[in-house]
Each structure stands twice: as structure tokens, then as C-alpha cells.
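Peer 1:
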Amino acid sequence: MHTFGEQETCNQSSPKTKNVWPIPSVCNIMFIQPKPQNAITIAVSSRALFNMDREQDIYEQQGMEDYLKYQIQHEIEPFAPGPAFPFIKAVEAVNTRLRELYPDSEELFDVVLMTSNHAHVGLRLINSINHYQLFIERFCMTGGNSLIGYLKAYHANLYLSADSLKVREAIEEGIAAATVFSPGKITEVPETQLRVAFDGDAVLFSDESERIYKAHGLDKFFEHEKAHENKPLDHGPLKGFLEALGKLQQKFYAKGQRLDCPIRTYLVTARSAASSGTRALKTLRSWGLETDEALFLAGAPKGPMLEKIRPHIFFDDQMFHVEGAAELGTVAAHVPYGIAQKVQSKTARDVKKDMPAKQLE
Ligand SMILES: [Mg+2]
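Counting in the UniProt record's numbering, the sequence shown runs from 1 upward without gaps.
1. Tell me the rounded alpha-carbon separation between methionine 30 and serine 46.
2. Rounded to whole angstroms, what is the Cα-Cα separation between glutamate 243 and glutamine 62?
3. How many Å lie between arginine 211 and valine 167 at the Cα?
4. Should tyrosine 159 be labelled buried (16 or more other beta-carbon atoms within 10 Å of its own) or exposed?
5. With distances taken Cα to Cα, identify the nearest neighbour of glutamate 223 among Ala274, Gln193 and Ala178.
6. Would you decide whether valine 26 is buried or exposed? Buried here means 16 or more other CB atoms lie within 10 Å of its CB.
7. Cα separation between tyrosine 59 and tyrosine 67?
8. Between the Cα of glutamate 100 and the Cα atoms of His118, Lys251 and Glu55, which residue gives the shortest distance?
9. Below 7 Å CB to CB, which residues in the same chain sit around glycine 338 once its five sequence neighbours on both sides are set aside?
10. Taking only heavy atoms of ligand 1 into account, decide whether any of them is closer than 6 Å to the Cβ of alanine 280.
11. Between alanine 202 and ligand 1, is the CB less than 6 Å from at least one heavy atom?
12. Pick out the complete beta strand (DSSP E) segments inside the stretch 157-208, 3 residues or longer, and give them in chain order.
13. Between Glu173, Leu147, Ile72 and Leu98, which has its C-alpha nearest leucine 125's C-alpha?
14. Return the bridge partner residues of leucine 113 from the DSSP annotation.
15. Return the Cβ separation of arginine 195 and proline 311 in integer angstroms, given the expectation that the two are a contact with Cβ distance under 8 Å.
16. From Asp292, Ala176 and Glu225, pick the residue whose C-alpha is nearest to that of leucine 267; which is it?
17. Kindly indicate the opening and closing residues of the beta strand (DSSP E) around threonine 269.
18. What whole-angstrom Cβ distance do asparagine 95 and leucine 360 have, given they're in contact under 8 Å?
19. Specify, as a first and last residue, the run of the alpha helix (DSSP H) that phenylalanine 241 falls within.
20. Might you give, ordered along the chain, the residues of its own chain that have their beta carbon closer than 6 Å to the beta carbon of glutamine 249, omitting 5 neighbours on each side?
21. Taking the straight line between their C-alpha atoms, what separation do you get for residue 400 and glutamate 307?
22. Please confirm if the stretch 228-243 is in contact with the stretch 73-84, defined as three or more CB-CB distances below 8 Å between the two stretches.
23. Do you know whose CA, among Ile309, Ala215 and Gln37, lies nearest leucine 108's CA?
24. Is the Cβ-Cβ distance between alanine 326 and glycine 184 less than 7 Å?
25. If you draw a straight line from the alpha carbon of glutamate 92 to that of leucine 134, how long is it in whole angstroms?
26. Sort Val112, Ala280 and Ala162 by Cα distance to methionine 52 and report the nearest one.
27. Closer than 6 Å: is that where the CB of aspartate 234 sits relative to any heavy atom of ligand 1?
28. Identify the continuous beta strand (DSSP E) that holds alanine 84 and give its terminal residues.
29. Quick check on histidine 216: does DSSP put it in helix, strand or coil?
30. Name the DSSP bridge partner or partners of leucine 295?
31. Which whole-angstrom value is the C-beta distance of threonine 41 and asparagine 157, which I expect to be below 8 Å?
32. Just how far apart, CA to CA, sit proline 22 and glutamate 137?
33. Kindly indicate which residue of Ala170, Lys69, Val180 and Tyr102 has the alpha-carbon position closest to the one of isoleucine 88.
34. For glutamate 65 and alanine 39, what's the separation of their Cα atoms in angstroms?
35. How about aspartate 104: is its Cβ closer than 6 Å to a heavy atom in ligand 1?
36. With distances taken Cα to Cα, identify the nearest neighbour of isoleucine 313 among Ala197, Ser105, Glu106 and Gly144.
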């Protein structure tokens, strides 16, 4: 269990034993708890964690009052799992293993549910969290205010949301963030091993090489990468999250559990091994980081490979990779960072067109 400092003022009921599930505490900006030292904080929006499509439709078509009425009427009915649900479950499975190995350590994942929803919806969210026995102790209702201040106060290591505008705002503030999309079909993912797959350029790395490719084409890109092979790439928005995962992996290695580590990471890049892979690997090494597996697809579609890996989440900066992955059953998350966001693809336009004026998160 975490212990919090004296500033803790949230009304929370903490379990005394591991067998009792907590009642999430409801916070606002006045009552933010200090982050447990060394915790890896994941902020997840209610619509990423749960499927609230039907409720969102009611809100958009019938308005706020009907929406709230519906939520209250269905208060004891748990929401169906959303796209980030399997990821959060796997994160909790890792925490269980960490608690067994290091009972007194605060080096754990810490999940905060972030929502701009009305307090009435909060009750249904709490019921849903308890229904699925999720270990989410912190629950932040922002009352429609911008989430950025809250994310910073929580020192969020990752923010997952279904609202691309909020994610974009977070990325612009230097917070690792991604918009999660529900996959086209359900793929079974492991329950005891958290698998996280990252794209390279404009996700783990900056978009500096991507810019060369977009401006001058593939040949110039290869040339550039060869010439700069020994110059590490700058870091991208998700580098810190890979680092955080690596820190937890080390804790398992230290107990002789390298082969049975419940966290596995993947680099899934369109770079080709021979021509441009070296710089990617050398960059990771220069940071003191590694992924358990590195897949160089040389421009081949990422979806089929991800279908084999079965990660809980895959991060990419390009919507066509996100869509390709989601079509084949991977929970894919879009990182709106870098030069690719400026290239108006059909997909990007469609996303914008389909976006409702206001979304409840
Ligand atoms: Mg990329």
C-alpha cells in the first residue's frame, strides 16, 4: 500500500489488507495528493478506461440533462470495458508481482482516473471500478476544467484519453500522452504480462529524421541516417515512459526474474534494419535503454506483426499505423507529435470532422 504525506486530505478509504478493495477517493484541484515517491503515474480518462459510447451519443443528441438522467438511472450498471481497460488490468498484475517482491516499496504503477464528468457520473464510475475490482485509489473530477494542471500536479508519466484535443494539449505541455482507439475486433491479451509496443520516430525518438524523409524522400533519409549513425537521436514524447518501464523491469531482474519478467517492451518501427536501424538501436543504447524486442519492418504494415505480439497498447504518431493496428485487433494509441501531424492525410481530416464540439471524458 502507498502511504501518503501529511498533505493528504482526500476522503479515502484505504484497504488494510490486500484482500479488501479500496473505495476510490474523489479529488479536485484543492485536494491533490502528493505522488507516492517513485511511483509511475498513469492518468486515464473515464472514456478510455470504460466504453461510454452510448452515453456520449445521448449527450450529443439529447443534451446534458437527458445524459445525466440516463447515467443516474443506470448508476448500478457497470460500464463495459474500454480500450485502455486491458492495459490497466495488466499494470495492476505487475503491481501485484512488485508488491510480492518488494512489500515496502513505492516503486509501483499508480493509476489516477481523470474525468471531466459531472459528480453524478462519478458514482457510476466508482461502482464500475469496484465491480471490476480495479485498484484505482485516486479519482480526479475536474468539473470541466483543463486537465493539464492536474496532470502536472500528479506528475503523470502517461496520460491516456479518448479525446484527441486534450491529448494534443498534454503533448504540447511536454506530457507523454496518447489518444486510445478501440480495436476493430477483440484480441485476447496476456493477463500476467504487460506488453507495450512503441513506434520509433516521433514516439520514442524526436521527428528529426522523419522530417528529412517527408521533405526529401526515402533515399535522402537513408543517406542521412547512415551519415549520422553515431549521433543519437533526440528524445521523443514517450521516451520517459519506456524509461519508467525499464526501471520497473530492473527490479525483477534484480530478483533473478529476467526470464519471467511481467513487463515486455517492443520497438515496432518502419525503419529497415540494414539501412537505418543502427541509429535507432545506438540511440536507445546511448540513453541506457533497451526494448526486449526490436522489429524493423522496412515499410511493411505494422498490424500483422502487432497481431502476433498481442501488446496491451501500441503507440504511433501516424494515424494510418494506428488504424492498421486497430483493424487487426490491437489497442492502438495515437501520439500527436511531430511533422506527421502537419501532413493533412484523409484520416486526420476525418478524425477532425467526426469530432464532436464537446466531449465528456
Ligand atoms: Mg513514427
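Even for Gly, the Cβ is constructed at its ideal location relative to N, Cα and C. Computed from a predicted structure; not experimentally measured.
Peer 2: Let's see:
1. By 1-based counting over the sequence shown, the position of residue 30 is 30. By 1-based counting over the sequence shown, the position of residue 46 is 46. Only weak support is given to the placement of methionine 30: the predicted model assigns it a pLDDT of 36, under 50, and the question is left unresolved by the model.
2. Stepping through the sequence shown from its first residue, residue 243 is reached at position 243. Stepping through the sequence shown from its first residue, residue 62 is reached at position 62. Rounded to the nearest whole angstrom, the C-alpha separation of glutamate 243 and glutamine 62 is 45 Å.
3. Taking the first residue of the sequence shown as 1, we reach residue 211 at position 211. Taking the first residue of the sequence shown as 1, we reach residue 167 at position 167. Our two residues, arginine 211 and valine 167, have alpha carbons roughly 22 Å apart in a direct line.
4. By 1-based counting over the sequence shown, the position of residue 159 is 159. Label assigned to tyrosine 159: buried.
5. Within the sequence shown, the letter at position 223 stands for residue 223. The shortest C-alpha separation from glutamate 223 is found at Ala274.
6. For the purposes of this step, residue 26 is taken as residue 26 along the sequence shown, with counting starting at 1. Its pLDDT being 46, under 50, valine 26 is placed unreliably by the model, and the measurement read from it follows with that caveat. With 16 or more other Cβ atoms inside 10 Å of its own Cβ, valine 26 counts as buried.
7. Within the sequence shown, numbered from 1, the residue matching residue 59 stands at position 59. Within the sequence shown, numbered from 1, the residue matching residue 67 stands at position 67. Taken atom to atom, the span from the alpha-carbon of tyrosine 59 to that of tyrosine 67 is near 5 Å.
8. For this step, residue 100 is matched to residue 100 along the sequence shown. Out of His118, Lys251 and Glu55, Lys251 has the C-alpha closest to the C-alpha of glutamate 100.
9. The count along the sequence shown starts at 1 and reaches residue 338 at position 338. Here the set comprises Ala202, Asp207, Glu210 and Asp317.
10. Position 280 of the sequence shown holds residue 280. Relative to the non-hydrogen atoms of ligand 1, the Cβ of alanine 280 never comes closer than 6 Å to any of them.
11. Here residue 202 refers to the residue found at position 202 when the sequence shown is read from its first residue. Under cutoff, so the answer is yes.
12. Within the stretch 157-208, the complete beta strand (DSSP E) runs of at least 3 residues are 158-161, 177-181 and 194-198.
13. Residue numbering aside, residue 125 sits at position 125 when the sequence shown is read from its first letter. The shortest C-alpha separation from leucine 125 is found at Ile72.
14. Along the sequence shown, one-based indexing puts residue 113 at 113. DSSP lists Val44 and Phe139 as partners of leucine 113.
15. The residue you call residue 195 lines up with position 195 of the sequence shown. The residue you call residue 311 lines up with position 311 of the sequence shown. Contact between arginine 195 and proline 311 holds: their C-beta atoms lie close to 4 Å from each other, under 8 Å.
16. Numbered from its first residue, the sequence shown carries residue 267 at position 267. Measuring from the Cα of leucine 267, the nearest candidate turns out to be Asp292.
17. The sequence position of residue 269 within the sequence shown is 269, counting from 1. Looking at the DSSP string, the run of the beta strand (DSSP E) that includes threonine 269 is 263-269.
18. Against the sequence shown, residue 95 aligns to sequence position 95. Against the sequence shown, residue 360 aligns to sequence position 360. The beta carbons of asparagine 95 and leucine 360 sit about 29 Å from each other, so the pair does not count as a contact at 8 Å.
19. As a first step, residue 241 is located in the sequence shown; it is residue number 241 there, counting from the start. Looking at the DSSP string, the run of the alpha helix (DSSP H) that includes phenylalanine 241 is 239-253.
20. Locating residue 249 in the sequence shown gives position 249, counting from the first residue. The answer, listed in chain order, is Cys261 and Ile263.
21. Not covered by the structure: residue 400. The range shown for the chain is 1 to 361.
22. Touching, no, given that fewer than three Cβ pairs across the two stretches are closer than 8 Å.
23. Mapped onto the sequence shown, residue 108 falls at position 108. That would be Gln37, whose Cα lies nearest to the Cα of leucine 108.
24. Translated into positions along the sequence shown, residue 326 becomes position 326. Translated into positions along the sequence shown, residue 184 becomes position 184. Closer than 7 Å, so yes.
25. The sequence position of residue 92 within the sequence shown is 92, counting from 1. The sequence position of residue 134 within the sequence shown is 134, counting from 1. For glutamate 92 and leucine 134, the distance between alpha carbons rounds to 8 Å.
26. Here residue 52 is taken as the residue at index 52 of the sequence shown, counted from 1. Considering only Val112, Ala280 and Ala162, the residue with the shortest C-alpha distance to methionine 52 is Ala162.
27. For the purposes of this step, residue 234 is taken as the residue at position 234 of the sequence shown. In this structure, aspartate 234 has its beta carbon at no less than 6 Å from each heavy atom of ligand 1.
28. If you number the sequence shown from 1, residue 84 lands on position 84. Here alanine 84 belongs to no beta strand (DSSP E), and DSSP marks it neither H nor E.
29. Looking up residue 216 in the sequence shown gives position 216. The DSSP-derived three-state label of histidine 216 is helix.
30. Taking the sequence shown and counting its residues from 1, one reaches residue 295 at position 295. The partner list for leucine 295 (beta bridge, DSSP) reads Val268.
31. Here residue 41 corresponds to residue number 41 of the sequence shown, with the count starting at 1. Here residue 157 corresponds to residue number 157 of the sequence shown, with the count starting at 1. Indeed, because the Cβ distance is near 5 Å, the residues count as touching under 8 Å.
32. Position 22 of the sequence shown holds residue 22. Position 137 of the sequence shown holds residue 137. Low confidence applies here, because proline 22 scores a pLDDT of 39, under 50, leaving its location unreliable; read the following figure in that light. Cα atoms of proline 22 and glutamate 137: separation of roughly 6 Å, rounded to the nearest angstrom.
33. Against the sequence shown, residue 88 aligns to sequence position 88. Checking every option, the nearest Cα to that of isoleucine 88 belongs to Val180.
34. Here residue 65 refers to the residue found at position 65 when the sequence shown is read from its first residue. Here residue 39 refers to the residue found at position 39 when the sequence shown is read from its first residue. Between the alpha carbons of glutamate 65 and alanine 39 lies a gap of roughly 39 Å.
35. The count along the sequence shown starts at 1 and reaches residue 104 at position 104. No, since every heavy atom of ligand 1 falls outside the 6 Å radius drawn around the Cβ of aspartate 104.
36. Residue mapping note: residue 313 aligns to position 313 of the sequence shown, counting from 1. Distances from the CA of isoleucine 313 to each of Ala197, Ser105, Glu106 and Gly144 were compared; the closest alpha carbon is that of Ala197.
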